[in-house]
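Colleague: Just so you know, the protein sequences line up as chains A, B, C and D, in that order. Mapping to the working numbering: the first sequence position 445 is 432, numbers consecutive. Each position in the second sequence, counted from 1, maps to that position plus 41 in the working numbering. Each position in the third sequence, counted from 1, maps to that position plus 9 in the working numbering. Each position in the fourth sequence, counted from 1, maps to that position plus 129 in the working numbering. Virtual Cβ for every residue (Gly too), placed ideally from N, Cα, C.
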Amino acid sequence: MDTKRDGPLGSVMVVGGGIAGIQAALDLANTGYYVYMVEKSPAIGGVMSQLDKTFPTNDCAMCIISPKLVELGRHLNIKLLTLSEVEGIEGRVGRFTVRVKQRARYVDMEKCIACGLCAEKCPRKVDNEYNQGMSQRKAIYVKYPQAVPLKYSIDEANCIYIEKGKCRACEKLCPAGAVDFSQKDKTHEIEVGAVILSPGFQTCDARPLVELYGQNPNVVTSLEFERLLSATGPTQGHLVRPSDHKEPKKIAWLQCVGSRDSHRQGAHSYCSGVCCMYAIKEAMVAKEHCQDPLDTAVFYMDMRTYGKDFEKYYNRAREEQGVRFIRSRVYNVDAVPGSDDVLIQYASDAGDQSDGHPEIVVHQEQFDMVVLSVGVETSPETIELAKRLGVKLTEHNFAETDPFTPVSTSRPGIYVCGLFQGPKDIPFSVMEASAAACAAEIDLAPARGTQVKSRSVPPEQDLSEQEPRIGVFVCNCGINIASVVDVKAVMAYAATLPNVVYSQEYLFTCSQDTQEKVKQTILEHRLNRVVVAACSPRTHEPLFQETMKDCGLNKYLFEMANIRDQDSWVHQKEPGPATEKAKDLIRMSVARAALLKPLTEKPLEINQRALVVGGGIAGMNAALGLSRQGFEAVIVEKEPQLGGMARNISQTIEGLDVLAYVDKLVQEVKDAGIEVLSGSHLAGLSGYKGNFISTIDTGNGAREITHGVVVVATGAREYKPKEFGYGESDRVMTQLDLDKLIRQHSGKVSKWQRVIMIQCVGSRNKDNPNCSKICCQGAVKHALRLKKINPEMDVIVLFRDMRMYGVLEDYYTQARKEGVLFVRYDEKDQPEVSFNGPGIGVAFNDLVLGRRVSLGADAIVLGAATLAEENEQLATLLKVPRNAEGFFIEAHAKLRPVDFSSEGIYLCGTAHGPKLISETIAQSMAAAARAASFLSNKDMTVGGVVAQVEPGLCAACLVCVRNCPYGVPRIDPEKGVSEINEALCQGCGTCVSECPAKAIRLGHYQDDQIMIKVDALLEGVV
Amino acid sequence: MPCTGRVAIIHLMKALEKGADGVFVAGCLEGDCHYQAGNLRAKKRVAYVQEVLKSIGMDPERVAMYNLSAGQGPRFAEICREMTERVRQLGPNPIRKNGERKEKAA
Amino acid sequence: MIMAKPKPIQEIVNVIKDFDKVLVAGCNGCVAVCEAGGLKEVEILASALRMYFANQNQNIEIGEVSLTRQCDKEYLAEIKDMVPKYGAVLSIACGAGVQFMAEMYSEKPIFPGVNTNFIGVTLEKGVWSERCAACGECILASTGGICPIARCSKRMLNGPCGGSSNGKCEVSKETDCGWHLIYERLKTLGQLQRFEVPNDPKDWTTSRDGGPRKIIKEVSQA
Amino acid sequence: MNTLTPSNLEKVLAAGHLAVTSECGPPRSPDMAVVDEKVKEVGPYVDAINVTDNQTAVVRVSSLASCIRIKQLGYDPILQMTTRDRNRIGLQSDLLGAGAWEINNVLCLTGDHQSFGDHPTAANVFDLDSTQLIGVVKNMRDEKKLINGFEMTKSLRMFIGAAENPFADPFEIRVMRTAKKVAAGCQFIQTQCIYNMDKFKLWMKGLVDHGIHEKCAILAGITPMKSIGMARYMKAKVPGMDVPEDIIKRLQGVPKEKVADEGVKMAIEQIQELKEVPGIRGFHIMAIEWEEKVPIIVKEAGLYPRPKMD
């Protein structure tokens, strides 16, 4: 098993099963590493599983996370350790020994069938933490209905038997005999090559911050509010206020509860980075939930909608949905005597007075409900964990990382991702997770594939000459099915159906021992089709299909009838009709089974080379991330030298030398033997994922390169302003111009008396509705640098919202302390720049003073927007989409932030949207990890459920070409008929149902295979 | 079905032709299609079948499209009840009624 | 290609209702592409008819078939064993296909199931638009590649008339003024001076006005 | 005087007078009394009278039959012919008939689409278009030949006119299109009703710049507004009509009972203004179903009496 004694191990431990941990585990396991997933609660899913919808797409959180949970739960190379915590670690990178304590579950996971009878009968009710204590669960429970693993567990702190030695109701009633009070806590010693920490966060405790919270039930935290919106929440998604269960008419959100607050105990000085967006989302979703118009108001300091397409979301909320945004300081949240309402007293920001009145005015407004946008923080348990692991923390208790190695903790071989690294949203957590996977994969590259398991199956039987011989297995599911449906009668009925040569019932068909019996039966009775009448194919089909494979049967010769979820569970009070329905369902499945055909899946070799388009920080990191894992990478860079935009940036806001970093990267690229085609661009692309052929125009002739994947890292550019006299005077400059000036003529700069910076130049306006995210940071960075050069210099920043998200807030605070003046202006009341001979000046409305101020300045620095590079040609070649502003659109804004929807093409850096260097590095490593996970398979399986064209019938009408959501079909110019590449087809069947000549067939879902079920159901009806 | 994008007009027609009283298609929420837009195609096909039903004097309400997510169990139950109630109001598929009559006559 | 639109079911019902067995015959040529007469439409129409007659308590058997093309004898011949079993054939090919079917199976009543509309193009899925009136003497060379015969409501050769506004035809705001399109194209091509040259009356003998037409390609005859 | 035909209109124009024409829409029943009445009212105040050809595609007494009647009453008719309802055989046949009855003016039109009329299910013909019809008439007159080259023994004596809408889109080619009709043989143009004077003048300037006004007489189309409703209708519903908001505002500015008078007043002012526009050779006054106003307008505009030509 192990490689040489001193070589690294091919396994990784991921600590924390939230979305970041899940992503890291899946990336690693799919790239050839064995993963131990350590989760302290009984199920994975983390906070994301508690969210209702996610911004800015309003996707249902559960809908998008659920497939990931299932994939992880079923993964052959992920060992899931729930109720587990890391106690200690020894060793070094490549070879750690981790001590994991696993608490007793008191339920045998092998036996539990998640029927829920135990919980139904358990007499002890406790607050349900998944619903933030707003509903109750039993002492034996599953965390939530979609939980993975979907196995009950006993909460020992609340179990009557464990507490008092009496009860055992669950044990008595469990039909599977799964309850096991003899279980004890266990300690595992696990050897792994690397560790990824993704323990997540907790929300700040609102009690010390808002007195009324905890006293008035209508004051809730944002996470509680998520549960109130959720269909799986305490009110089944009916938005009612907790005090009287009436639909609210008026809800307020209070921002920055526990964030951007360096004074109060329990609060944090950093910005939590996500609350503005989730508050907007909650306000919009809440409006959708209510029958009557709902008034929503968000009380905030700065609206920080800095992410990709976030500003559009904010605009939509404000302009189309009528969410009110009130820039203010709330100083009191009070009860309204005689009612459950809440009174908010606030001082409005002077600038928001419509009459421009300078004085701060105090207002009060009454609301039905108040949502506290609570910030994020590292939990005490995680702080303890970090101590045990020897991982250093920042002053804010996040894992300490370097901006150039954003996922490396202070201890080599231990990586971090998600909220423990710093405040961030889901997509950035997912990016970091893949980046952390990449970092671990680099450490352990020699051991890739050494510890993973693969299933060996006997060769498939040839059934072409055989008549269907169907076996029907009817499951009692303990009493889940049997208590309602007459299983014996159903079994006997099944035996009478055409082609059925065998039928049998089992107590638990899915149990390990039954599967063995099923195998024997298949072989003994020479079954060549199997129908299981039991529960949902969503959870169990793969299990039974594995059994089929073990018997040398094609897995597509399997059919399931769901007589539990769709029958016994919903017709509990009508056993007779339920039995008849079970017969109907089985008759349908048997009929279909007879028509099923084996589908072949064949391997297709993957070219192991990656093409990276763009040689800036993103491209170089992506190429290095792949190269260091042993995959060949080729960089195509349009400029004569590598480095991209970063060559114009001297240092990060933390003070790190960017130019030196770029030089180091260039050297590393050279040392790694990565081929660099500079002064070149991608001129042509053919083939498909796994086997692309690119034509590179190198400036002196074309080069053809074959490769398996593409990484797009084409970067962005700084907007050349048309505003504020830019270009008319060399005293008006962008932040990048200023950077250059400081670098080259700091003497000149040091003589300046006053510098005025203007933010949002070319951003957040009609032409470019997005926020460019990094300009506030750029202004603060340079303001601090100027203050360092000459502390006497006046530095004034004219801004609309200071978007110093996350721990960047520290620098904003520092800048204010050092005397940088921040003055807000309104979008409709732009500052005016005037030239007066050699002098320049800026006139603006000081919203606090309430009057117009004119100031002369030595320099005016514009926070110019970050715009997409000219990339239309590339987008067309790769057939990848771009948003209205020209940034590439990832496959999914939340969970696939570095993938394109076309497989084999990945995205990183500012080509995706404006972002910081540290974020770019993380995203590039993530792109490398995603590409590596594809490349590491050496070959990909194609076929199975894919569409196939019958050329003789095809009229080449283009209907399939126009309708495929993935753009897969094309008309073969030689044959003159449609061709659907089985490697690219996703198997949705849209083309099949549209084809006017019915020339396309979808494997496993042919018309006859679908219609036969209808025929069987309605047999004898007409 | 892998996706409601695979639901063809003929599938819905056949179900009614074979005597079903009603047929509904349950797809992902709009904008949340697992296969990007299959549910939108299905919606159009359902609308088409409704037109055909009108043209042959059958009640278009016998077919319907619903959108819900995998996490909305209660909603699914609600839809089933809604559809059952609707079909109950409409009465049996006329094809079936005639079929029964034919049997008696035979 | 040739664009067609399904006939209302009631109209079809009226012509086939007195037959015991009717064969719905599709065509995988043009009408399949414009989603009016391919195999998919055959199935849908057949199913709709079955339901209709079942509801009428009428026992009519509906058969289904779709041919590669109905405008070629060889393909029509493929159903020679099938047609005699039916009382009538409902062809959902274009008018040419229906007629050729009727010529081939002259003993059977052959009914059209679609209305044949025009020669046109697919603008997008489900949207087709007329482009050619098959006049037999193409003048596109002089009109910037836009046909005034097919695309002007008055098939003017010296348009536009005085009735167009904002680039739309006086007949319908949904219809582009063909001559406005020609104007824009000629402007792009720098050939606006063409508007000053009167076009002579057209010789319509090559069009339908010359009576039923036939093409004999001498070379293939040889 | 250099004229090709005995047409009174041609003579008036050739003599350098500002010409005045008006029009008469024949009835929808076989009853010539209506024509008689209209013509007697308008005839003395104009040089020639247009007779519409199934205008707006509504079936009426034929233009040719009505022209013959007008000729009998001693006035100079202008035979309007659209190419919508007759092919080249029918058109030439009717032209020959008109020539035989010594009708000497023709106005060549393509015609409104039948979908606007009372027989929208009719087939249309459009064998020729208006420009081609102009060429056909010119050929019959100057070469004594039919389209097919058949040589007649006698020439068709026709003063050839056409209509033109200066306000239709695209404006850029309006002058070119007029030039084309003139090149085909058009000798006089009666324009669409003018309300947008600025745009009209721009068009006129274009004609003058190209010297078109020298080859062809431009008669400005004048239609008095009877009511605010009519103005609104024309603005919104009539294809190719350009009614500026100012016109409607001015009508709204007077008491309701004075609106009609104001409309007449505006028409008169318009004629006065247009008289000064270079290239204008006369006026075509279309008082739709309001023929009694024609004499007033002609008199008030200083266009009466009409010159007597021999």
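(1) For A:ALA7, I'd like the list of residues in its chain whose CB is within less than 6 angstroms of its CB, leaving aside the five on either flank, ordered along the chain.
(2) Quick check on A:THR966: does DSSP put it in helix, strand or coil?
(3) Report the residue from A:VAL649, A:GLN722, A:ARG442, A:PRO524 whose alpha carbon sits nearest the alpha carbon of A:THR853.
(4) Does the distance from the C-beta atom of A:LYS295 to that of A:PHE874 stay below 8 angstroms?
(5) Does any residue of chain C bring its CB to less than 8 angstroms from the CB of B:GLU58?
(6) How far does the alpha helix (DSSP H) with D:ILE218 in it extend, from its first residue to its last?
(7) Mapping the DSSP letters down to three states, classify A:GLY642 as helix, strand or coil.
(8) If you draw a straight line from the C-alpha of A:LEU940 to the C-alpha of B:PHE65, how long is it?
(9) Which same chain residues end up closer than 8 angstroms to C:ALA45 when comparing Cβ atoms and leaving out the 5 residues on each side of it in sequence?
(10) Answer with buried or exposed for C:MET165, where buried requires no fewer than 16 other C-beta atoms within 10 angstroms of its C-beta.
(11) Just the chain C side, please: which residues come within less than 7 angstroms of B:LYS84 by C-beta, in chain order?
(12) May I ask you to report which of helix, strand or coil DSSP gives A:ARG61?
(13) Please state the DSSP three-state secondary structure of A:VAL867.
(14) Which of helix, strand or coil does DSSP assign to A:PHE875?
(15) Can you pull the chain D residues whose beta carbon is under 7 angstroms from the beta carbon of C:GLU183, in chain order?
(16) Below 8 angstroms on the Cβ atoms is my contact criterion, and I expect A:MET535 with A:VAL517 to pass it. Report the Cβ-Cβ distance as a whole number of Å.
(17) Using the Cβ count rule (16 or more neighbours within 10 Å means buried), how would you classify A:THR84?
(18) Among A:ASN515, A:PRO136, A:ARG957, whose alpha-carbon lies nearest the alpha-carbon of A:VAL452?
(19) DSSP three-state label for A:ILE622, please.
(20) Could you check the C-alpha separation between A:PRO778 and A:VAL848 for me, to the nearest Å?
(21) Mark A:ILE761 as exposed unless 16 or more other C-beta atoms lie within 10 angstroms of its C-beta, in which case mark it buried.
(22) Measure from the C-beta of B:LEU94 to each C-beta in chain A and report whether the shortest distance is under 8 angstroms.
(23) To test your reading of the DSSP string, which unbroken alpha helix (DSSP H) runs of 4 or more residues are found completely within the stretch 559 to 596 of chain A?
(24) Give me whichever residues DSSP pairs with D:SER244 in a beta bridge.
(25) Using 8 angstroms for Cβ pairs, my map puts A:ILE127 next to A:CYS105. What's the rounded Cβ distance?
(26) When the Cα atoms are used, what is the spatial distance from A:PHE545 to A:ALA30?
(27) Under a three-way DSSP split, which group does B:LYS145 fall into?
(28) For A:VAL472, which three-state DSSP category applies?
(29) So, for D:GLY375: in the same chain, excluding its five sequence neighbours on each side, which residues have a beta-carbon less than 6 angstroms away from its beta-carbon?
(30) For a contact meaning CB atoms closer than 7 angstroms, what does B:PRO43 contact in chain A?
(31) Starting from the beta carbon of A:SER122, find every residue of chain F whose beta carbon is closer than 7 angstroms, and list them in chain order.
(32) For A:ALA218, decide whether its Cβ has a neighbour in chain B, counting only Cβ atoms nearer than 8 angstroms.
(33) Can you round the beta-carbon distance between D:LEU238 and D:ILE207 to whole angstroms, since I take them to be within the 8 angstroms contact cut?
(34) Excluding the 5 residues flanking D:LYS328 on each side, which residues of the same chain have their C-beta closer than 8 angstroms to its C-beta?
(35) Could you give the DSSP three-state label for A:GLU74: helix, strand or coil?
(36) Tell me which residues of the stretch 939 to 957 of chain A have at least one Cβ-Cβ distance to chain C shorter than 8 angstroms, keeping chain order.
Modeller: The relevant details are as follows:
(1) Closer than 6 angstroms at the Cβ level, and outside the excluded window around A:ALA7, lie SER185, CYS404, GLY405, SER416, ALA420.
(2) Here the sequence assigns Glu to residue 966 of chain A, which means Thr is not the residue at that position. A:GLU966: strand per DSSP, three-state reduction.
(3) A:GLN722
(4) yes
(5) yes
(6) 217 to 229
(7) For A:GLY642, the secondary structure class from DSSP, reduced to helix, strand or coil, is coil.
(8) 30 angstroms
(9) MET12, ALA13, LYS14, PRO15, ILE101, VAL123
(10) Looking at its Cβ environment, which holds 16 or more other Cβ atoms inside 10 Å, C:MET165 is buried.
(11) Residues of chain C passing the Cβ test: none, with the nearest at roughly 14 angstroms.
(12) The answer is helix: DSSP assigns A:ARG61 an H, G or I state.
(13) coil
(14) In the structure shown, A:PHE875 sits in a strand (DSSP, three-state: E or B).
(15) Simply none; closest approach about 13 angstroms.
(16) 6 angstroms
(17) exposed
(18) Correcting the residue type first, residue 452 of chain A is Glu in the shown sequence and not Val. Closest by alpha carbon: A:ASN515.
(19) strand
(20) 18 angstroms
(21) Its Cβ being crowded by 16 or more others within 10 Å, A:ILE761 is buried.
(22) no
(23) 562 to 582
(24) Its beta-bridge partners do not exist; DSSP assigns none.
(25) 5 angstroms
(26) 30 angstroms
(27) Summary for B:LYS145: the model assigns pLDDT 33, below 50, so the residue's position carries little reliability, and this model does not support an answer.
(28) A:VAL472 falls in the coil class under three-state DSSP.
(29) Residue identity differs from the one stated: residue 375 of chain D is Asp in this sequence, not Gly. Taken in chain order, the list of residues that qualify is empty.
(30) Those are VAL932, GLY974, CYS975, GLY976, TYR992, listed as they occur along chain A.
(31) In summary, chain F is missing from the structure at hand, where the protein chains are A, B, C and D.
(32) yes
(33) That belief does not hold up - the Cβ atoms of D:LEU238 and D:ILE207 are roughly 11 angstroms apart, past 8 angstroms.
(34) PRO295, PHE296, PHE300, ASP371
(35) Shown here, A:GLU74 sits in a strand according to DSSP, grouped into three states.
(36) LEU940, ALA942, CYS944, LEU945, VAL946, ARG949, ASN950
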